[in-house]
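Numbering-wise (this note's numbering), the sequence shown opens with residue 7 and increments by one. Heads up, the beta-carbon is just placed ideally off N, CA and C, and yes, glycines get one too. Everything numeric in this text was worked out from a predicted model, so none of it was measured. Reviewing the structure listed below.
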Amino acid sequence: LWRLVRGPLASWALFTMVDLGVADALAARGPTPVEELAQQTGADAGVLKRLLRTLATEGVFKEKEPGTFANTASSELLCRGAGPWCDAIVVYGSVYRALAELPRAARTREPMFEGVGGADWWTFLERNPALGETFNRLMQAGAQGRVGLLAGLEWREGATVVDVGGGNGTLLIELLQRRPTLCGVVFDLPEVVREAEQRIDAAGLGERCRVVAGSFFDGVPPDGDAYVLAKVLHDWDDEPAARILRSVRVAAPAHARILVVDAVVSPGNEPDDAKWTDLVMLALVNGRERSEHEWRSLLASTGFEVERVSDQLVEASPAKVSTPG
Numbered sequence: 007l008w009r010l011v012r013g014p015l016a017s018w019a020l021f022t023m024v025d026l027g028v029a030d031a032l033a034a035r036g037p038t039p040v041e042e043l044a045q046q047t048g049a050d051a052g053v054l055k056r057l058l059r060t061l062a063t064e065g066v067f068k069e070k071e072p073g074t075f076a077n078t079a080s081s082e083l084l085c086r087g088a089g090p091w092c093d094a095i096v097v098y099g100s101v102y103r104a105l106a107e108l109p110r111a112a113r114t115r116e117p118m119f120e121g122v123g124g125a126d127w128w129t130f131l132e133r134n135p136a137l138g139e140t141f142n143r144l145m146q147a148g149a150q151g152r153v154g155l156l157a158g159l160e161w162r163e164g165a166t167v168v169d170v171g172g173g174n175g176t177l178l179i180e181l182l183q184r185r186p187t188l189c190g191v192v193f194d195l196p197e198v199v200r201e202a203e204q205r206i207d208a209a210g211l212g213e214r215c216r217v218v219a220g221s222f223f224d225g226v227p228p229d230g231d232a233y234v235l236a237k238v239l240h241d242w243d244d245e246p247a248a249r250i251l252r253s254v255r256v257a258a259p260a261h262a263r264i265l266v267v268d269a270v271v272s273p274g275n276e277p278d279d280a281k282w283t284d285l286v287m288l289a290l291v292n293g294r295e296r297s298e299h300e301w302r303s304l305l306a307s308t309g310f311e312v313e314r315v316s317d318q319l320v321e322a323s324p325a326k327v328s329t330p331g
């Protein structure tokens, strides 16, 4: 229980280290007395020492000699530009503020983030451009990691892949670069796809990939051979998620594949990060992660047959409509 209770302490300590730029300062200076480190980062020396001392017990930073601290392999990941961890800590720190609303949400199921952010998550990002850029970088890093799930599938030559909610096009661009016989369509809101157009042109994929603007609640581009929904449906509870899938069902021809790239929550009480990110999605946008049973139920209710389920990928096809004999 103590390990769980102290969890927020670790999260906020890491958030503070990133906010102060401590790892960056140590990367530039090497082992540094805490007084000098505090002066460089604008921190109080006493508080900074207590934070560093605590994190060092977990292998994040180390005390080389009394009062002098240095980076470790773990804290080096907190340097800006070193990878997604720095961005993840900033984004999660913003999300975690909403968890103060969890007792209320557990009774009412009302949105949590608006209670602390003064707006829904997406509007909050628009009002805070620096955080929005950080969030976009984090999502882009995640898209690059997920493309391997799709590139490894069997594809018909010349197939058209529609990336529903494709954002700035990162995932589809990577997929088309790995599979040069495919064509693609990035579909997202008008204010989002402008960047996708620029990225597609910069990648030299203008002849194989196009951009379509619109809302997936109103409809999606028709006649695709595959429809990808990557980290889209977990943003929504079952009713709006079903509306999105019904839009895809209307547009998808009988031979199309539906490729849902999302977590599949493990059954029982086995440890699973998805069970924790499920609470993050609840706090952030009233969304949810789903188990295999929940994915099968949601897809069946919207006109799809599930063909395969793996850790991060659900493959489905339009259900065959039986005709009276």
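When secondary structure is reduced to three states using DSSP, THR38 falls in the strand class. For the region 187-220, the continuous beta strand (DSSP E) assignments of 3+ residues that do not extend past its boundaries occur at 189-194 and 215-219, in sequence order. Across the set GLY293, ALA260, VAL286 and GLU245, the C-alpha of GLU245 shows the shortest separation from the C-alpha of SER303. Contact between VAL170 and VAL226 holds: CB atoms are separated by about 5 Å, below the 8 Å threshold. Runs of alpha helix (DSSP H) with 4 or more residues, each lying fully within the region 60-125, are found at 79-82, 90-102, 108-114 and 119-123, listed in chain order. With respect to the 7 Å criterion, LYS55 and ALA62 are not classified as neighbours on the basis of their beta carbons. Listed in chain order, the non-local C-beta contacts of ALA248 below 8 Å within the same chain comprise LEU304, SER307 and THR308, local neighbours out to five positions each way being set aside. Counting C-beta pairs closer than 8 Å gives fewer than three between the region 23-33 and the region 8-15, which falls short of the contact rule.
Boundaries of the alpha helix (DSSP H) around PRO135: 135-157. For ARG263, the enclosing beta strand (DSSP E) covers residues 263-267. According to DSSP, residue pairing for ALA232 in a beta bridge involves VAL167 and ARG263. The Cβ atoms of GLY89 and GLU107 lie no closer than 7 Å to each other.
Residue range 319-324 is occupied by the beta strand (DSSP E) that includes ALA322, with no alpha helix (DSSP H) assigned at that position.
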